[in-house]
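Structure first, commentary second.
6 protein chains.
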Amino acid sequence: MPTPEQAPISRFPVPALSEIPSDIRDRLLAVQEKSGFIPNVFLILARRPEEFRAFFAYHDALMDKQGNLTKAEREMIVVATSNANQCQYCVIAHGAILRIRAKNPLIADQVAINYRKADITARQKAMLDFAMKVAFEAYAVGEDDFATLREHDFDQEDAWDIAAIAAFFGMSNRIANVGNMRPNDEFYTLGR
Amino acid sequence: MPTPEQAPISRFPVPALSEIPSDIRDRLLAVQEKSGFIPNVFLILARRPEEFRAFFAYHDALMDKQGNLTKAEREMIVVATSNANQCQYCVIAHGAILRIRAKNPLIADQVAINYRKADITARQKAMLDFAMKVAFEAYAVGEDDFATLREHDFDQEDAWDIAAIAAFFGMSNRIANVGNMRPNDEFYTLGR
Amino acid sequence: MPTPEQAPISRFPVPALSEIPSDIRDRLLAVQEKSGFIPNVFLILARRPEEFRAFFAYHDALMDKQGNLTKAEREMIVVATSNANQCQYCVIAHGAILRIRAKNPLIADQVAINYRKADITARQKAMLDFAMKVAFEAYAVGEDDFATLREHDFDQEDAWDIAAIAAFFGMSNRIANVGNMRPNDEFYTLGR
Amino acid sequence: MPTPEQAPISRFPVPALSEIPSDIRDRLLAVQEKSGFIPNVFLILARRPEEFRAFFAYHDALMDKQGNLTKAEREMIVVATSNANQCQYCVIAHGAILRIRAKNPLIADQVAINYRKADITARQKAMLDFAMKVAFEAYAVGEDDFATLREHDFDQEDAWDIAAIAAFFGMSNRIANVGNMRPNDEFYTLGR
Amino acid sequence: MPTPEQAPISRFPVPALSEIPSDIRDRLLAVQEKSGFIPNVFLILARRPEEFRAFFAYHDALMDKQGNLTKAEREMIVVATSNANQCQYCVIAHGAILRIRAKNPLIADQVAINYRKADITARQKAMLDFAMKVAFEAYAVGEDDFATLREHDFDQEDAWDIAAIAAFFGMSNRIANVGNMRPNDEFYTLGR
Amino acid sequence: MPTPEQAPISRFPVPALSEIPSDIRDRLLAVQEKSGFIPNVFLILARRPEEFRAFFAYHDALMDKQGNLTKAEREMIVVATSNANQCQYCVIAHGAILRIRAKNPLIADQVAINYRKADITARQKAMLDFAMKVAFEAYAVGEDDFATLREHDFDQEDAWDIAAIAAFFGMSNRIANVGNMRPNDEFYTLGR
Chain A
1343 MPTPEQAPIS RFPVPALSEI PSDIRDRLLA VQEKSGFIPN VFLILARRPE EFRAFFAYHD
1403 ALMDKQGNLT KAEREMIVVA TSNANQCQYC VIAHGAILRI RAKNPLIADQ VAINYRKADI
1463 TARQKAMLDF AMKVAFEAYA VGEDDFATLR EHDFDQEDAW DIAAIAAFFG MSNRIANVGN
1523 MRPNDEFYTL GR
Chain B
1343 MPTPEQAPIS RFPVPALSEI PSDIRDRLLA VQEKSGFIPN VFLILARRPE EFRAFFAYHD
1403 ALMDKQGNLT KAEREMIVVA TSNANQCQYC VIAHGAILRI RAKNPLIADQ VAINYRKADI
1463 TARQKAMLDF AMKVAFEAYA VGEDDFATLR EHDFDQEDAW DIAAIAAFFG MSNRIANVGN
1523 MRPNDEFYTL GR
Chain C
1343 MPTPEQAPIS RFPVPALSEI PSDIRDRLLA VQEKSGFIPN VFLILARRPE EFRAFFAYHD
1403 ALMDKQGNLT KAEREMIVVA TSNANQCQYC VIAHGAILRI RAKNPLIADQ VAINYRKADI
1463 TARQKAMLDF AMKVAFEAYA VGEDDFATLR EHDFDQEDAW DIAAIAAFFG MSNRIANVGN
1523 MRPNDEFYTL GR
Chain D
1343 MPTPEQAPIS RFPVPALSEI PSDIRDRLLA VQEKSGFIPN VFLILARRPE EFRAFFAYHD
1403 ALMDKQGNLT KAEREMIVVA TSNANQCQYC VIAHGAILRI RAKNPLIADQ VAINYRKADI
1463 TARQKAMLDF AMKVAFEAYA VGEDDFATLR EHDFDQEDAW DIAAIAAFFG MSNRIANVGN
1523 MRPNDEFYTL GR
Chain E
1343 MPTPEQAPIS RFPVPALSEI PSDIRDRLLA VQEKSGFIPN VFLILARRPE EFRAFFAYHD
1403 ALMDKQGNLT KAEREMIVVA TSNANQCQYC VIAHGAILRI RAKNPLIADQ VAINYRKADI
1463 TARQKAMLDF AMKVAFEAYA VGEDDFATLR EHDFDQEDAW DIAAIAAFFG MSNRIANVGN
1523 MRPNDEFYTL GR
Chain F
1343 MPTPEQAPIS RFPVPALSEI PSDIRDRLLA VQEKSGFIPN VFLILARRPE EFRAFFAYHD
1403 ALMDKQGNLT KAEREMIVVA TSNANQCQYC VIAHGAILRI RAKNPLIADQ VAINYRKADI
1463 TARQKAMLDF AMKVAFEAYA VGEDDFATLR EHDFDQEDAW DIAAIAAFFG MSNRIANVGN
1523 MRPNDEFYTL GR
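Chains as they are written, first to last, in my numbering: chain A, 1343 to 1534; chain B, 1343 to 1534; chain C, 1343 to 1534; chain D, 1343 to 1534; chain E, 1343 to 1534; chain F, 1343 to 1534.
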């Protein structure tokens, strides 16, 4: 089989580190120090500094906050909805994070392909049912859905968290797909 | 016909102005001074200050920036994709803004219901075709779509703008639908 | 923003009043006297006199008859299904009629965009749930749907009415979309 | 296999001949004289005399008029769109008429199941492509579709005819499905 | 109406009987002796002997085995799912077999077009609901579906049978559609 | 995060090796010898010996035959269509085989999530476009699709191969989903 050259990291031009505003460059270097590489999404969004700052402020507000959802559960939402949106970058990058957070090498692929068959709890399935409804038919979300969440001990603030994560990564999935955003090779094996 | 009581402005509790951090309260008061009322989205998102700040920073980065898209054109993207997502708040609020920006009392309803039949240019239809593809099948966006945009004098940065606006309001539509966010009555008649 | 010329009232040629058979012309003049203008659908369908007569006979049989549905409720069915079918003419013209019949300036936009969030009764939501199922998956309508209607005090004749209105305007939506039927400017502000 | 009792001819009660207004009864008797039986749609719609008269006036205006479409071609439109709408009554009754009009015992089943594989001309396939687009995405019909029709020698009036037939039977399909309208046994073998 | 020439029996070349391996030719001749003609699927698949053998071994394992499903019920599954997949060959050929097995000349057309309105038992409708879910959203099949089957006295082995038949003919439908497989004229009238 | 117990390998009971007919047991032991483990699909299908034999005969006829498609390309078809069908077993097991056949640790995840963004050739993308059309709208496959394949040097036999593989695994995906078939843990890391 002929090996095609690897695609570039984005359809859009990516700035050199020296062109990037210093607050953003600092974040890039910090993540590089921690992870050993700079995830491509940081480089690609850095071409639009204001959008970069808002994107990561929003991301951190949803993914790093305190709350009843564990960090692994938040990543499950990202992975399940991102595969349904066919977003290569998000499934592969957040799949790695999910494996690490859940300390489970199998879970990301399971949740991505069909969360109904994944090794997760009934409560987590209810969480993902709600997240998928937000991603694909938010217009029809109603009292019944909130009642189902309550049966699984998710309160109203948890519902907001699930919805906001599904909605935020729905945005991210669309930007990544339009930009042909390429996941770093490192993500594929992290946590396996 | 029995008149049901008006629904509350959200399914979620809304903070009193006094509970809102001062930087956010200042923004609310500024918009109230300018518009004569506080759009409900400000009050509802204010219950989550960090998310509020990120949301509006992102919003402003996309909607207020310089660029080849006019402000009316950006609102067209919001209105067309928001009706397709069945988001009452976004169609009604941004429909008002579109009427004002375009100085055209008919255009918002036309673009919302079926932009293919609206009194807009062929270039604007191409812009909305792309925005709708981003909203509903971003996974399939490819070189052909960028080529079509170029035929209508949209360059690569314009493509990013269109995509990012469609993606950002796709997020906003989902949050508004889950939150049962109610548009202020004032929006219905603004610019007609 | 360049203002494109307004589109013509239809993709099809429209007859002069003098070319229209007198029974039809009389109806056009009567509606003009009552409303102050001739709705474009009358002019466009007048090019096919037999179809015109059948169309309006059917329309009147469904919309003007006695029955348990109020006139405003019948218009709700038209508005909700027509926006789902992306029919500009029908949403804008019947939105105006709905505002007038319901004496409510907000209701048409609410019902059009997402009736689940509109200021309507639970009974009216059940009516619209049924109408939307008729419009999009009539093949699956069954006893359960009739039972749900009965819980909301809709009897079998009401069910026929709801279904027939949804079906008739489904036809009308398709003809209007194929014909690029343009709503009269007057409709946009009536009843606001 | 246990044989379930045959379903009644409709979910709705059907009037006795004696209860039916005389103009409608005359039509029923005329069709009975010609065909040897009264098609159930006549009996079922007769319960609503005004709707009956409008329905058949519309039907006749579209199906019996002069024009470039042969009567067999009009029936093809009915049969193809009605199977896509899963309407048992319309496929079976109009399938019989199509076999008779086309003097071809195979054509109705072929057109119903997948018209792309039927023994019809390329022109007829273009006609059915357009009819199906009217039935399922009329909102997107545009100049390109009319141009394709012109390449196959369909003019603008033919386009109206195709669209109106697809739209009228879309209405009919929905009413028949909601009413559980049962085709007469005679239709199954007519023209085979 | 111009009569187009009949389409060939497949888009792919079909082998002469003399070119077909003898075990396959024997099966063809046996079916010809029994039915009076060789169904085209045998001729078309014979061009790939190994696939032919596997296909019919699988077919026979599912359709001829002992079990709680009658042979007519198995054919109902084929007919309902094949029309939903728009497979002309399978609906027409298996429609004939269904009429014969069920000794009911009406049932095949009813089940093909809309099984919810067919003269079948509630148990058979539950069987077809499950088969359609397997055909179109197998990823969502879960405990609830098995529970519904049990209420209708279908055990776990019956569920496998229904699923496997729906899945096998889903494969067959796709191959027949890609190959433009033409049903033999004889099938249209068998069992009517 | 609570670790739920791992799900069993199927919703259906699985036979003991001693209960399995010897020809099938021999195949199981052979694959175990070669791979180091028995893939669960062998154990689960072994409960139905005749179906097992037909399934694997068909599988081998399509996947092991000579032809213009490389073995890696055949696995790409499996992986892309199986993720679209949300089949956990097939994506994970055949993803492993694809990585090994293509000697590329990244390719399976890329092809599964969005093959349009994968590191594959334009010819392979055309192959997968065709396979996806077979999987989701085989009824519409026509001459244009074959012409596109020819532009990429796929002849008519290659088209059959692609279609048959997509169709066969569409069957397999449905059976695996209904059976809650669990991929062996070994597959997740093979070839990474």
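For every residue, glycine included, the Cβ atom is placed at its ideal position computed from N, Cα and C. If you're wondering where the values come from, they're calculated on a predicted model, not measured in any experiment.
Item, Value
"Cβ separation of residue 1505/B and residue 1442/A, assumed to be a contact under 8 Å, to the nearest whole Å", "Their Cβ separation, rounded to whole angstroms, is 30 Å, which puts residue 1505/B and residue 1442/A out of contact at 8 Å."
"Close Cβ partners of residue 1529/B (< 6 Å) along its chain, the five nearest in sequence each way excluded", "1434, 1435, 1438"
"Buried or exposed (CB count within 10 angstroms, at least 16 for buried), residue 1364/B", "exposed"
"Beta-carbon gap between residue 1456/E and residue 1481/F smaller than 8 Å", "no"
"Cβ-based contacts, 8 Å cut-off: residues of the stretch 1479–1491 of chain C near chain E", "1481, 1482, 1484"
"Chain-ordered neighbours of residue 1456/A on chain E, where CB pairs are closer than 8 Å", "1481"
"7 Å Cβ shell around residue 1515/F - same chain, five flanking residues per side excluded", "1424, 1427, 1429, 1432"
"Segments assigned alpha helix (DSSP H), at least 4 residues, entirely inside the stretch 1447–1516 of chain F", "1449–1456, 1464–1479, 1485–1493"
"Pairwise C-alpha distance: residue 1350/C and residue 1458/B", "14 Å"
"Limits of the alpha helix (DSSP H) - the one that residue 1529/B falls within", "Taken as a continuous stretch (DSSP letters only), residue 1529/B belongs to no alpha helix (DSSP H), as it is neither H nor E."
"Under 8 Å between C-beta atoms of residue 1348/C and residue 1461/B", "yes"
"Proximal residues of chain F, C-beta to C-beta of residue 1349/A below 8 Å", "1459, 1461"
"Backbone CA spacing between residue 1484/A and residue 1378/B [nearest angstrom]", "32 Å"
"Top-ranked residue by Cα proximity to residue 1477/F, from 1390/E, 1404/E, 1512/E", "1512/E"
"Contact set for residue 1508/E: own chain, Cβ-Cβ below 6 Å, skip 5 residues either direction", "1419, 1423, 1473, 1476, 1477"
"Inter-residue spacing [alpha-carbon to alpha-carbon] between residue 1368/F and residue 1388/E", "29 Å"
"Helix, strand or coil at residue 1435/B according to DSSP, with G and I counted as helix", "helix"
"Exposure label - residue 1498/B; buried when at least 16 CB within 10 Å", "exposed"
"At least 3 beta-carbon pairs within less than 8 Å: the stretch 1390–1403 of chain A vs the stretch 1396–1409 of chain B", "yes"
"Beta-carbon contacts of residue 1464/E that lie in its chain and below 6 Å, excluding the five residues immediately before and after", "none"
"Proximity test, Cβ basis, 8 Å: residue 1343/E and chain D", "Low local confidence applies: a pLDDT of 44 at residue 1343/E is under 50, so the model's placement there is unreliable, and no value is given."
"Contacting residues, own chain, Cβ-Cβ under 7 Å from residue 1533/E (five flanking each side not counted)", "1438, 1441, 1442, 1447"
"Minimum Cβ-Cβ distance from residue 1408/F to chain A less than 8 Å", "no"
"Limits of the unbroken alpha helix (DSSP H) element including residue 1406/F", "Taken as a continuous stretch (DSSP letters only), residue 1406/F belongs to no alpha helix (DSSP H), as it is neither H nor E."
"Closest residue to residue 1523/A among 1375/A, 1374/A, 1467/A, 1381/A (Cα-Cα distance)", "1381/A"
"8 Å Cβ cutoff, residue 1421/D in contact with chain C", "no"
"Within chain F, the residues that residue 1433/A reaches when beta carbons sit closer than 7 Å", "1455"
"Separation of residue 1466/B from residue 1526/C, as counted between CA atoms", "22 Å"
"Partner residues on chain E for residue 1448/D, Cβ-Cβ distance less than 8 Å", "1527, 1530"
"Endpoints, the alpha helix (DSSP H) within which residue 1374/C is located", "1364–1377"
"Of the residues 1510/C, 1469/C, 1521/C, the one placed nearest residue 1496/C, counting alpha carbons only", "1469/C"
"Contact set between residue 1534/A and chain F, taken where Cβ atoms lie within less than 8 Å", "1530, 1531, 1534"
"Chain B within 8 Å of residue 1535/C, Cβ atoms only", "Nothing about residue 1535/C can be reported from this structure: the residues present for chain C run from 1343 to 1534 only."
"Beta carbon of residue 1362/D nearer than 8 Å to that of residue 1370/D", "yes"
"Buried versus exposed, by CB contacts within 10 Å (16 or more), residue 1406/A", "exposed"
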